[in-house]
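**Student:** One gets our numbering by counting positions in the sequence shown from 1 and adding 6 to each. By construction, the Cβ of each residue, glycine as well, lies at the ideal position given by its N, Cα and C atoms. For reference, the structure I am asking about is given below.
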Amino acid sequence: MFEKNTEGGITLNRVKLLDSEIVGRIAAGEVVDRPASVLKELIDNSIDAGASKIKVLLLDAGMKRIEVEDDGSGMGPEDLKLCTLRHATSKIVNIEDLDHIESLGFRGEALAATASVAKLKIESLQQGKSEAWSWETLGSTQGRLSPATISKGTKVRIEDLFFNVPARKKFLKSLTSEYHECLLVLQNMALAHPGVSFQWNFLNESGELKESFECSSESLGARFKKLFPQDGELLNVRAEKVAEGVEKVLMSFYKAPISSRFRKDVHLIVNGRPVEDVRLPYALREAYAGLIESSRYPVGVVDLRVDPSIIDVNIHPQKKEVRWPKGFSVASIAYSLLRPHMEVRRSAPLEGQSTQVSLGANSSEGASFRSSPGFENWGFDSKDMQKFPVEEFRASMAPFREGTESQVSAVSSFEKLSTYQEEQPAFLFSELRVVGEVGAAWIVCESSSGLILLDQHAAHERINFEKIIRSKNLIRSKALLLPVDFKLPPFAHDDALELQKVFEDFGFELSDESLENLKSKNADSIEFIAVPEADRKLDWEELLESLFAELRQEGQPELWKDKIKYRIAASLACHGSVRRGQRLNHEQIKALLADMDSIQWGGLCPHGRPVWLPLSHEWIETAFHR
Ligand code: ADP
Ligand code: MG
């Protein structure tokens, strides 16, 4: 700072050490910046104290009051006097402890930070003791100790957050936004500790209950479903010692077609901490490839227990991130555990089963899809159908060109019209009655329960894709007149030989020099002298370029190996498939339908568009206002 001196000139103040109170208040901003971060620290403390029950009360989204009560081990009077001092902690003692942190807290800063910017009261009964104590502070780490009446654990009450830091208070967002952040903390903490019972109540200023939640000790899957309910089933995966330092992995994910537009719907818990990992949502989207639309993410949680010494949790003041050892990837662990569960096997139709749903049966009674077994999850609800916006339906039916915006919006409108199918349908495509083909793009069939609309290109693409993925020796390579050179992602060297194998499987051939370079792990580009033979001319250069551009961001060898396979197969499938605008005759349509029965079921084309849609009698009736 500058100061005017008596002659009107300016003198520069000398360097001084700040007094500890200002230091504390500045530092507090790193740990507590809004009600939600205080809440998170308090819950951390309760969990660290071994609580089995945590009760939370928030007044005005925590701006007025935050109360966290637990049944943990509690504190005695001496602990209470110390707990609000900076760097006072019971969780680590010496520098070595930092290398294997088992508790959520360890910095000894949260209570100090909170105490210096709010009114605080802690009541606590130390386990095994008969006298409870209360500790009160007001904008300071020092306070007043007095006897209390609490009968178990600890109750912390924070009021008037930032009352003495007006600058900080100005930066708080709207009540709705603070509420939302607090709710996120509660959901994340409850998800991270399904063994702990949680109860929370949000009250407004006048004490009216605005939102509440309660759950008792349960499994991860049950907790997830309670916190993030969806109309679907969960897939639970459990594995142990899948990588060095990993003790246990639990995963609970909604089965397709449930998906989300948001990355944050993929949750990650590491040693009881909700943390973020940028790659994980993308990796899991890959695991669901072909089952959910390619722009969406699966919905679920990955809960990882690792040896605390392999991670560094001390890189973020609010501990939202952890640092992993070199080469360790949560994304690829989660991907490889989940992906094997994703192939929905097509079971051979049971004898007699096909007749049950074959043509003609029940059709005169106008039976709906819902009445046939296996169709419960079609998302066909006559109530919804009444609300179905006709305008949107029309828009979605408008012809769209591949890869355009209108295609994307068309897909999402279709999604409202009907959900695409993860499971194989309960009918056989070859047994449907072919009504005809419209727009040289769609095939219309009749089943006992309504119309089935197929996108001929998407269907053919899906069929070809399945064939290619399953039997790569169908692909022959074709020598190039001029070799094509490609820049490799920086991490490609480590997995050089496997990469080469992936390419070879698909009929790519590398020049001898590229091969040598790959083997000696010093290739930064590769030269192709042959590429897969395709029915049509394929722009491999463009395809590989876009692929590698994506891979560079991905950074996960496991993932991009699969991605390369997937994308090459999808391209080959796409280019060998019937196009829009190509009229099919009856025989060709019949052949396509027969092929639909032969593939392992996936309701989306390799680009993530629906292959077919059901329009039940019920739906048509409703659409006609019957
Ligand atoms: P840290 O959690 O990093 O140790 P805090 O400032 O959050 O630092 O808490 C300081 C200390 O107060 C903790 O180490 C713990 O001993 C004690 N403490 C805080 N909250 C509770 C609680 N709910 N139950 C028992 N002890 C607690
Ligand atoms: Mg703490």
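Cβ of Glu115 versus every heavy atom of the ligand ADP: is any distance shorter than 7 Å?
**Tutor:** As a first step, residue 115 is located in the sequence shown; it is residue number 109 there, counting from the start. Yes, the beta carbon of Glu115 sits closer than 7 Å to at least one heavy atom of the ligand ADP.
**Student:** With which residues is Trp141 paired in a DSSP beta bridge?
**Tutor:** Within the sequence shown, numbered from 1, the residue matching residue 141 stands at position 135. Answer is Ile128 and Leu151.
**Student:** Which one of Glu452, Gln236, Ala629 and Ile574 has the shortest CA to CA distance from Pro514?
**Tutor:** Walking along the sequence shown from the start, residue 514 turns up at place 508. Note that residue 514 is Phe in the sequence shown, not Pro. It is Ile574.
**Student:** Going by the C-beta, is Glu47 closer than 7 Å to any heavy atom of the ligand ADP?
**Tutor:** Residue numbering aside, residue 47 sits at position 41 when the sequence shown is read from its first letter. Within the cutoff, so yes.
**Student:** List, from N- to C-terminal side, the beta strand (DSSP E) runs of 3 residues or more that fit wholly inside the region 66-101.
**Tutor:** 71-76, all fully within the region 66-101.
**Student:** Thinking C-alpha only, which one of Ala536, Ala579, Gly159 and Asn170 is nearest Arg638?
**Tutor:** Residue 638 lies beyond the stretch modelled for the chain, which goes from 7 to 632, so this question has no answer here.
**Student:** Please check the pair Leu290 and Ala340, which I expect to be a contact at CB under 8 Å, by giving their CB distance rounded to whole angstroms.
**Tutor:** Numbered from its first residue, the sequence shown carries residue 290 at position 284. Numbered from its first residue, the sequence shown carries residue 340 at position 334. Confirmed, about 6 Å.
**Student:** Report the three-state DSSP secondary structure of Leu423 (helix, strand or coil).
**Tutor:** As a working mapping, residue 423 is identified with position 417 in the sequence shown. A caution first: Leu423 carries a pLDDT of 37, below 50, which makes its placement in the model too unreliable to give a value.
**Student:** Under 8 Å, do Val202 and Ile60 count as touching if we go by C-beta distance?
**Tutor:** Within the sequence shown, residue 202 is the residue found at index 196, counting from 1. Within the sequence shown, residue 60 is the residue found at index 54, counting from 1. Going by C-beta atoms, Val202 is nearer than 8 Å to Ile60.
**Student:** Can you tell me which of the three DSSP states Pro431 falls into?
**Tutor:** Here residue 431 corresponds to residue number 425 of the sequence shown, with the count starting at 1. The answer is coil: DSSP assigns Pro431 none of H, G, I, E or B.
**Student:** According to DSSP, is Ser455 part of a helix, a strand, or is it coil?
**Tutor:** In the sequence shown, counting from the first residue as 1, residue 455 sits at position 449. It is coil, neither helix nor strand.
**Student:** My understanding is that Leu310 touches Ala245, with C-beta atoms under 8 Å, so please give their C-beta distance in whole angstroms.
**Tutor:** Translated into positions along the sequence shown, residue 310 becomes position 304. Translated into positions along the sequence shown, residue 245 becomes position 239. Leu310 to Ala245, Cβ: 10 Å. No contact.
**Student:** Using a threshold of 7 Å, is the CB atom of Gly111 nearer than that to any non-hydrogen atom of the ligand ADP?
**Tutor:** As a first step, residue 111 is located in the sequence shown; it is residue number 105 there, counting from the start. Answer for Gly111: yes, Cβ within range of the ligand ADP.
**Student:** With hydrogens ignored, establish whether the beta-carbon of Asp39 is closer than 7 Å to any heavy atom of the ligand MG.
**Tutor:** Position 33 of the sequence shown holds residue 39. Not under cutoff, so the answer is no.
**Student:** So what does DSSP say about Tyr294, is it helix, strand or coil?
**Tutor:** Taking the sequence shown and counting its residues from 1, one reaches residue 294 at position 288. It is coil, neither helix nor strand.
**Student:** Does the contact criterion of 3 or more C-beta pairs under 8 Å hold for the region 99-106 versus the region 135-148?
**Tutor:** No: fewer than three Cβ pairs fall under 8 Å.
**Student:** Assuming Arg439 and Val617 make a contact with CB atoms under 8 Å, what is their CB distance in whole Å?
**Tutor:** Counted from its first residue, the sequence shown places residue 439 at position 433. Counted from its first residue, the sequence shown places residue 617 at position 611. Actually they are not in contact, since the Cβ atoms of Arg439 and Val617 sit about 19 Å apart, beyond 8 Å.
**Student:** Which residues does DSSP pair with Arg439 in a beta bridge?
**Tutor:** As a working note, residue 439 is residue 433 in the sequence shown. Looking at the DSSP assignment, Arg439 forms a beta bridge with Glu452.
**Student:** Beta carbon of Gly78: closer than 7 Å to some heavy atom of the ligand ADP?
**Tutor:** In the sequence shown, residue 78 corresponds to position 72, counting from 1. Gly78 Cβ: within cutoff of the ligand ADP.
**Student:** Out of Ala485, Val44 and Ala529, point me to the one whose CA is closest to Val123's CA.
**Tutor:** Counting from one through the sequence shown, the residue named residue 123 turns up at place 117. Looking at the Cα atoms, Val44 is the closest of the given residues.
**Student:** Take Ala196 as the anchor and find which of Gly445, Leu487, Arg269 and Gly227 has the nearest alpha-carbon.
**Tutor:** Walking along the sequence shown from the start, residue 196 turns up at place 190. Per the Cα distances, Gly227.
**Student:** Hey, is Ser218 close to the ligand ADP, as in C-beta under 7 Å from one of its heavy atoms?
**Tutor:** As a working mapping, residue 218 is identified with position 212 in the sequence shown. Checking the Cβ of Ser218 against the ligand ADP gives no.
**Student:** For the ligand ADP, any of its heavy atoms closer than 7 Å to the Cβ of Thr182?
**Tutor:** Counted from its first residue, the sequence shown places residue 182 at position 176. False, no ligand heavy atom lies under 7 Å from that Cβ.
**Student:** Output the distance between the C-alpha atoms of Phe177 and Arg150, rounded to the nearest integer angstrom.
**Tutor:** Within the sequence shown, the letter at position 171 stands for residue 177. Within the sequence shown, the letter at position 144 stands for residue 150. C-alpha separation (whole angstroms): 30 Å.
**Student:** In the DSSP assignment, what are the bridge partners of Ala337?
**Tutor:** Looking up residue 337 in the sequence shown gives position 331. In the DSSP output, where bridge partners are listed per residue, Ala337 has none listed.
**Student:** By the three-class DSSP mapping on this structure, what secondary structure does Pro280 have?
**Tutor:** In the sequence shown, residue 280 corresponds to position 274, counting from 1. In this structure, Pro280 counts as strand in the three-state DSSP scheme.
**Student:** With a cut-off of 8 Å, do at least 3 Cβ pairs link the region 622-632 to the region 447-464?
**Tutor:** Yes: the two stretches touch, three or more of their Cβ pairs being nearer than 8 Å.
**Student:** How is Gln322 classed by DSSP in three states: helix, strand or coil?
**Tutor:** The residue given as residue 322 occupies position 316 in the sequence shown. Note that residue 322 corresponds to His in the displayed sequence, not to Gln. Note: His322 maps to coil in three-state DSSP.
**Student:** So Glu47 and Thr95 are supposed to be a Cβ contact under 8 Å. How far apart are they, rounded?
**Tutor:** Position 41 of the sequence shown, counting from 1, holds the residue named residue 47. Position 89 of the sequence shown, counting from 1, holds the residue named residue 95. No, Glu47 and Thr95 are not in contact; Cβ-Cβ is about 12 Å, not under 8 Å.
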